[in-house]
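Remarks on the structure that follows.
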Amino acid sequence: MTETTKFWGIVPAAGVGKRMQSNRPKQYLELAGKTVIEQALSRLLQADVFEAIAVAISREDPYWPQLPIAKHEKILTAAGGKERADSVLSALRSINGKASDNDWVLVHDAARPCITASDIHHLIACLIHDEVGGILALSSHDTLKNVQDGRIDGTLDRNHIWRALTPQMFRYGMLKSALEEAEGNPAITDEASALELKGLKPKIVEGRPDNIKITRPEDLPLAQFYMEQQ
Ligand code: C5P
Numbered sequence: 006m007t008e009t010t011k012f013w014g015i016v017p018a019a020g021v022g023k024r025m026q027s028n029r030p031k032q033y034l035e036l037a038g039k040t041v042i043e044q045a046l047s048r049l050l051q052a053d054v055f056e057a058i059a060v061a062i063s064r065e066d067p068y069w070p071q072l073p074i075a076k077h078e079k080i081l082t083a084a085g086g087k088e089r090a091d092s093v094l095s096a097l098r099s100i101n102g103k104a105s106d107n108d109w110v111l112v113h114d115a116a117r118p119c120i121t122a123s124d125i126h127h128l129i130a131c132l133i134h135d136e137v138g139g140i141l142a143l144s145s146h147d148t149l150k151n152v153q154d155g156r157i158d159g160t161l162d163r164n165h166i167w168r169a170l171t172p173q174m175f176r177y178g179m180l181k182s183a184l185e186e187a188e189g190n191p192a193i194t195d196e197a198s199a200l201e202l203k204g205l206k207p208k209i210v211e212g213r214p215d216n217i218k219i220t221r222p223e224d225l226p227l228a229q230f231y232m233e234q235q
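The sequence shown begins at 6 in my numbering and counts up one residue at a time.
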């Protein structure tokens, strides 16, 4: 790591979380005495590596301005977009002029509150000299099936299948231009896929299985359990 290497956090938090069946977006549900997004951001801040963390928030979001963490000196607010990739690009553009092309950005879902500082440090240590960057991921323990119309259409070779988690760590300039080139492409569901479209091969770094994404109602008590165990 050179003395000038800088790290920026990017947190897409402009989703509505339809699968939660709740009256507010999932990042504002309560988890261990705070909201999900406060838990996620506190953990990023605890890692103590970021110049600042840009958080993409929907324009119609009434909850964010009420959270004390929104006024934290290292937290910046950016406008959210239609899809996750649009929100990430907007947050990247919000630090234009502050971040250099060579700086690293770590993109982390607001809906993953159980991220640990040790996983963040591990990701950085594994990628700091990498040409492309990479992501935290989990290998699959289950046998995986390709399914068409409710019937199995083949078994995937699980030795080659990994589940993409966040943070995903790339160079600021490279990620921004990859997302700009891929704008509007529905296949871009994470940052790595934008780099893959350019023919690049992001590295896989095995992460902790407790870094879950809050998606369904039952994920909240599970996240609380993991936090207590950590
Ligand atoms: O919906 P999903 O769980 O895939 O969302 C992952 C993350 O992306 C969440 O933190 C969500 O708030 C964020 N997101 C966003 N802008 C959107 C859609 C999702 O920032 N338009």
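Cβ coordinates follow ideal geometry from the N, Cα and C atoms, glycine included. If you're wondering where the values come from, they're calculated on a predicted model, not measured in any experiment.
query, result
"Is the Cβ-Cβ distance between alanine 199 and alanine 183 less than 7 Å?", "yes"
"Quick one: grab the DSSP three-state call for valine 41.", "helix"
"For glycine 178, does the three-state DSSP call read helix, strand or coil?", "helix"
"Take alanine 187 and list the residues in its own chain whose beta-carbon comes closer than 6 Å to its own, dropping the five residues that flank it on each side.", "Ile193, Ala199 and Leu202"
"Is there at least one non-hydrogen atom of the ligand C5P closer than 6 Å to the beta-carbon of glutamate 188?", "no"
"Quick one: Cα of arginine 98 to Cα of glycine 189, how far?", "16 Å"
"Helix, strand or coil: how does DSSP classify aspartate 53 here?", "coil"
"Can you say whether glycine 204 is buried or exposed, counting buried as having 16 or more other CB atoms within 10 angstroms of its CB?", "exposed"
"Please state whether DSSP places leucine 170 in a helix, a strand or coil.", "strand"
"In terms of residues, what are the limits of the alpha helix (DSSP H) holding serine 198?", "196–202"
"Quick one: grab the DSSP three-state call for lysine 150.", "strand"
"Are the Cβ atoms of alanine 61 and proline 118 separated by less than 7 Å?", "no"
"Following a CB-centred definition, is glutamate 88 positioned closer than 6 Å to any heavy atom of the ligand C5P?", "yes"
"With a threshold of 6 Å, establish whether the CB of alanine 45 neighbours any heavy atom of the ligand C5P.", "no"
"Taking DSSP as the reference, what is the three-state secondary structure of leucine 161?", "coil"
"When the Cα atoms are used, what is the spatial distance from aspartate 158 to alanine 122?", "40 Å"
"In angstroms with no decimal places, state the Cα-to-Cα distance between proline 181 and leucine 94.", "Here the sequence assigns lysine to residue 181, which means proline is not the residue at that position. Taking the straight line joining both Cα atoms gives about 6 Å."
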